[in-house]
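Structure first, commentary second.
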Amino acid sequence: MFRFILGGIFVFFAVFVHNGRLNAQYAGFSTTVEGGRGLMYMQSAETYGKGKLVIGMKTLVMEKESNVANPDGRTFRLRKDYPSIAALPISFGMTDEIDLNVSFYGFHDTRTLVSQEDVRLGYGDPQTGFGSTRIGAKIRLPLKREFPLQIAGKFGAMLDTSQEEADGMNYRWSRMGTDIEASLYETLRIFSFMSLSLEEGYIVSGSDVYDDKVVGALGLNVRFKDRCSLNLELNNRTFLGVGPLSTYQALEKPWLFETVNGVPGIGNPALLKDDKADFMEDFFIFSPSIALRLTKHIAIDFGVNYNLADQVEPKEKLQAVVGITFNTVIRSLIDSDRDGINDKADKEPYTPKGFPVDSRGIAIDTDVDGVPDGKDLEPDTPLGAKTDANGVGIDTDGDGIYDGIDMEPDTPAGSPVDKFGVALDDDRDGVPNILDEEPQTPIGAVVDETGKAIDSDEDGIPDGIDMEPSTPKGALVDKFGVGIDTDEDGVPNGIDEEPNTEKGILVDKRGRGLIKHEVDLLREGLIHLTTVQFNPGTAVLNPESYPALNEIGQILIKYNTLTIQIEGHTDNTGDIKTNLKLSRDRAYAVKDYLLENFPMIDQKRLRAVGFGSDKPIAPNSTIEGRNANRRVDFIIINRDELIKK
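Quick note: my numbering has the sequence shown finishing at residue 684, numbered continuously throughout.
Given below as C-alpha cells:
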C-alpha cells in the first residue's frame with residue numbers, strides 16, 4: 040500500500056512538473072497533513088494561487104507499548120509497536136482565492152478494540168489498511184496578497200473509507216463514518232518574515248459512537264531568506280460528548296457501562312457521554328517543525344507532535360512527522376490573465392485584466408512606448424518618445440518635443456525650437472535666441488553665456504575670428520584681427536611712434552628706430568666709446584668727440600630711468616698714477632659735457648670714475664691695442680631697469 044502511495048506521488052510529479060513552474064510567493068514551504076497551505080496540521084488563511092498544484096507525502100510515527108489481548112481471549116501480553124499514518128495530500132489552486140484539497144491516508148495501529156464472552160475489552164493485534172479520505176475547499180476573501188491580514192473559510196468532509204475505527208492520538212485518519220467540517224482562518228503578517236494564524240472550526244461527527252467536535256488552533260510561522268521556515272502550532276479538537284477518552288474509561292471501569300449479551304461494552308453510547316467538553320482530555324498537541332526548500336519545486340519538513348491531552352493509559356506523548364512536498368503550476372490548464380490565451384502558449388501570462396493582446400498573449404503596444412494600449416493614455420505617442428507609466432509623453436523642458444526625440448531636452452523655458460527640440464540660434468553661437476543679447480554675432484566668434492562676443496585684446500575683432508587674439512591694446516588691425524605694420528618693424532600701427540622706419544633698422548617697443556650705440560646699450564648694458572678724443576696729455580675734449588657724446592645724451596634722455604657710470608681708461612704708456620688721474624679727469628670732463636649740453640638729465644644719474652690702464656680690452660703691445668684701450672665706457676648700474684626697457 041505504501042509503495043502505491045509513493046509511486047502515485049512520483050507519477051503526479053513527472054506529469055505536471057514538465058509543464059509547470061513554481062511561484063515561490065504562493066507555494067510556501069510545505070503542505071499540511073490534511074492538504075492546503077499552512078504548517079504541519081493547521082492551514083493558514085493564504086491560498087496557493089490559480090493553477091498551482093501541490094503534492095505532499097507525510098508520515099506520522101510513534102513508539103507505544105500496550106496490553107494486547109491474546110488469542111485465548113483471557114490473557115494479555117505487553118506489545119511494543121509503532122503506530123503510524125501515511126498521508127498523501129494534494130491541493131490545486133482553482134483560482135487565486137479558492138484551493139481544492141483531497142487527502143488519502145493509510146494507517147498502521149494496534150488500537151482496535153476487541154471483546155469476547157465473559158472477557159473485558161482489550162486491544163487487538165495491529166491493523167494496517169486504508170484510512171479515511173478527506174476532501175475540502177478553502178475560500179479566501181479577495182484581498183490583495185500584500186495586505187497584512189488574510190481571512191478564509193474551509194469547508195470539507197472526512198469520508199468513510201477507513202477499514203477500521205481505531206482510537207488514540209491518530210484517531211483523525213482511522214475513523215469510520217463521514218465527518219462534515221467547517222473552519223474559519225485568519226492570518227496576520229506581523230513582519231515581512233513572520234506571520235500568525237488562527238483557526239476556529241466545527242466538525243459534525245458521522246460516527247455511530249463519537250459526538251461532534253470543536254476545533255481551535257494557533258500557529259506561528261517564521262521564514263529565513265525564503266529557504267527555511269520555523270513553525271510552532273497548537274491544535275485542539277474537543278468532543279462535545281462521547282470521545283476516545285470515554286472508551287478508554289470503559290477499559291478502566293467496565294462496571295459503569297451497559298453490557299451487550301452479558302459483555303461490558305459500548306452498546307449504549309449515551310452512557311459513555313462526558314459530563315462536559317474538556318479541552319485538555321481529547322486531542323491537544325503542540326507541534327514544532329522546520330521546513331526547508333531544496334529546489335524551486337521540492338521542500339522537505341520534519342517535526343514532532345507533543346501530546347498535551349490528559350489521557351488515560353495508554354497515554355501517547357510523542358510522535359515524529361516527516362514530509363516532502365512537490366510544487367508546480369499547470370500552465371496548460373489555466374489562463375491566469377483571462378486574455379483568451381492559456382498560460383502554456385501565453386508569452387505574457389500575467390497581462391492586466393482587459394488589456395488587448397495579440398495571438399501570443401502579449402499586450403498590444405501600438406506606439407511601441409513600452410506601455411500597453413490597455414493602460415496607455417496616449418496610444419499614438421511618436422516613435423522613440425519617452426513616456427511615463429501611463430504612456431503619456433515626457434517633455435522635460437516643455438518645448439512641445441517629447442524626450443527621446445528632443446535632442447536638447449533641457450532647452451530654456453519659452454525658447455522656440457525646431458522639430459528636433461533644438462533651440463533656435465540664428466547666429467549659431469551656442470546661445471539660444473531667447474537668451475542671446477547679440478543675436479547677430481559673426482559666425483565663429485567666441486561668446487559669453489549671454490551671447491555677447493568676447494574680444495580679449497579689444498581690437499574690435501571677436502575671439503574665434505581674431506587670428507591674433509593678443510594684439511597689444513591700441514594697435515590697428517585688419518578684419519582678421521592681425522596687427523597692421525606698415526614699416527614691418529614688428530610694432531603695429533597705432534602703437535608705432537615711427538610708422539615709417541626704414542627697413543632693417545632696429546626699433547624699440549614703440550617702433551622708434553635705434554641708433555648703433557643704443558643697440559649696444561640695450562643688448563650689453565654698456566657702451567665702449569673710442570671716438571671720444573682729448574688733447575694729448577689733457578682732459579680737454581676735442582670737438583671731434585661732440586657728435587658721439589651728443590648721441591649718448593639723446594640715449595640718456597630717451598631712457599630716463601637708467602643710472603650710468605662713466606668710466607675713463609688709458610693705455611699703459613707713462614706713469615701709472617698719472618694715467619689714473621688722467622682717466623678720472625677725462626671721465627668728469629665727459630660728465631660735465633653731458634650735463635651742460637643736456638640739462639634735462641638729472642646729475643644723480645651720472646657717476647664718473649677712472650681706472651687708468653687697469654682694465655684693458657686689447658693688448659697694449661700694438662698701436663691698435665693701445666688706441667682701443669684709450670676709451671670712455673658708459674655702463675648701466677641699475678640693470679633691473681634695463682630689463683624693463
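Each residue gets a CB set at the ideal place from its N, CA and C atoms; glycine is no exception.
request  = Under 8 Å by Cβ, that's how I've got residue 633 and residue 591 pegged, so tell me the actual separation to the nearest angstrom.
outcome  = Under the criterion of beta carbons closer than 8 Å, residue 633 and residue 591 qualify as touching, at roughly 7 Å.
inquiry  = Restricting to Cα atoms, I'd like to know which of 430, 328 and 244 is closest to residue 273.
reply    = Of the listed residues, the one whose Cα sits closest to residue 273 is 328.
key: Under 9 Å between C-beta atoms of residue 330 and residue 344   = It is not a contact, given that the beta carbons lie outside the stated cut-off.
key: Delimiting residues of the alpha helix (DSSP H) encompassing residue 624   = Taken as a continuous stretch (DSSP letters only), the alpha helix (DSSP H) holding residue 624 covers 615-636.
ask   = Candidates 356, 340 and 568: which alpha carbon is nearest residue 347's?
value = For the residues 356, 340 and 568, the minimum Cα distance to residue 347 belongs to 356.
Local conformation of residue 424 per DSSP, three classes = Coil at residue 424, not helix or strand.
task = State the Cα-Cα distance for the pair residue 600 and residue 451, rounded to the nearest angstrom.
result = Taking the straight line joining both Cα atoms gives about 58 Å.
inquiry  = Comparing C-alpha positions only, which one of 77, 143, 92 and 211 sits nearest to residue 367?
reply    = Here the closest residue by C-alpha is 92.
message = The alpha helix (DSSP H) that contains residue 590, what's its start and end?
response = The continuous alpha helix (DSSP H) containing residue 590 extends over residues 585-597.
Residue 679 in three-state terms, based on DSSP = Three-state DSSP puts residue 679 in a helix.
task = Kindly indicate which three-state DSSP category residue 348 falls into: helix, strand or coil?
result = Coil at residue 348, not helix or strand.
inquiry  = Assuming contact is defined by CB atoms lying nearer than 9 Å, are residue 271 and residue 326 in contact in what I supplied?
reply    = Against a cut-off of 9 Å, the Cβ pair of residue 326 and residue 271 comes out as a contact.
ask   = Start and end of the beta strand (DSSP E) containing residue 229?
value = First-last of the beta strand (DSSP E) with residue 229: 218-230.
task = Quick one: using the 10 Å Cβ neighbour count with 16 as the cut-off for buried, is residue 160 buried or exposed?
result = Confidence at residue 160 is low in this model, with a pLDDT of 47, below 50, so its placement is unreliable and the value that follows should be read with caution. With 16 or more Cβ atoms within 10 Å of its Cβ, residue 160 is classed as buried.
key: Under 9 Å between C-beta atoms of residue 587 and residue 623   = Against a cut-off of 9 Å, the Cβ pair of residue 623 and residue 587 comes out as no contact.
Residue closest to residue 84, alpha-carbon to alpha-carbon, out of 558, 523 and 236 = Ranking 558, 523 and 236 by Cα distance to residue 84 puts 236 first.
message = DSSP three-state label for residue 710, please.
response = No statement about residue 710 is possible, as the shown extent of the chain runs from 40 to 684 and does not include it.
request  = Please go through the same chain and pick out, in chain order, the residues whose beta-carbon is closer than 7 Å to the beta-carbon of residue 65, but skip the five residues on each side of it.
outcome  = At residue 65 the pLDDT is 39, less than 50, meaning the model places this residue with poor confidence; the figure from the coordinates comes in the next sentence. 87, 88 and 91, listed in sequence order.
ask   = Is DSSP giving residue 667 helix, strand or coil here?
value = It is helical.
CA nearest to the CA of residue 679, picked from 637, 603, 666 and 655 = Checking every option, the nearest Cα to that of residue 679 belongs to 603.
request  = Quick one: using the 10 Å Cβ neighbour count with 16 as the cut-off for buried, is residue 338 buried or exposed?
outcome  = Answer is buried; the Cβ neighbour count reaches 16.
ask   = Can you give the Cα-Cα distance for residue 674 and residue 526, rounded to whole angstroms?
value = If I take the Cα positions, the gap works out to 32 Å.
query = In angstroms, rounded to a whole number, what distance separates the CA positions of residue 537 and residue 583?
reply = Going by the C-alpha atoms only, they are around 30 Å apart.
inquiry  = Using C-beta distances below 7 Å, list every residue in its chain close to residue 467, excluding the 5 sequence neighbours before and after it, in chain order.
reply    = Excluding positions up to five away in sequence, the list reads 482.
inquiry  = Taking the beta carbon of residue 333 as the centre, do at least 16 other beta carbons fall within 10 Å, making it buried, or is it exposed?
reply    = By the neighbour-count rule (16 or more Cβ atoms within 10 Å), residue 333 is not buried but exposed.
Backbone secondary structure at residue 561 - three-state DSSP = Looking at residue 561 - three-state DSSP - the assignment turns out to be helix.
query = What is the DSSP secondary structure of residue 91, counted as helix, strand or coil?
reply = Residue 91: strand per DSSP, three-state reduction.
message = Please report the distance separating the alpha-carbon of residue 524 from that of residue 535.
response = So the alpha carbons of these two residues sit roughly 8 Å apart.
Backbone secondary structure at residue 644 - three-state DSSP = Under the three-state reduction of DSSP, residue 644 is assigned to helix.
inquiry  = Quick check on residue 567: does DSSP put it in helix, strand or coil?
reply    = Residue state, collapsed to three classes: strand.
inquiry  = So if DSSP puts residue 69 in a beta bridge, which residue, or which two residues, is it bridged to?
reply    = According to DSSP, which records beta bridges pairwise, residue 69 is partnered with nothing at all.
Cβ shell of residue 453 (< 8 Å), same chain only, five flanking positions each side left out = These residues qualify, in order along the chain: 473.
ask   = Smallest Cα separation from residue 645: which of 619, 596, 617 and 211?
value = Minimum Cα distance to residue 645 is reached at 596.
request  = Leaving out five residues on either side along the sequence, give the residues of the same chain with a beta carbon under 7 Å from the beta carbon of residue 639.
outcome  = Close CB contacts of residue 639 within its chain, under the 7 Å cut and outside five residues either way in sequence, are with 596 (chain order).
request  = Could you tell me the distance, in whole angstroms, from the CA atom of residue 280 to the CA atom of residue 395?
outcome  = Between residue 280 and residue 395, the C-alpha separation is close to 60 Å.
query = If you compare alpha carbons, which of 188, 666, 617 and 204 is closest to residue 166?
reply = Considering only alpha carbons, the answer is 204.
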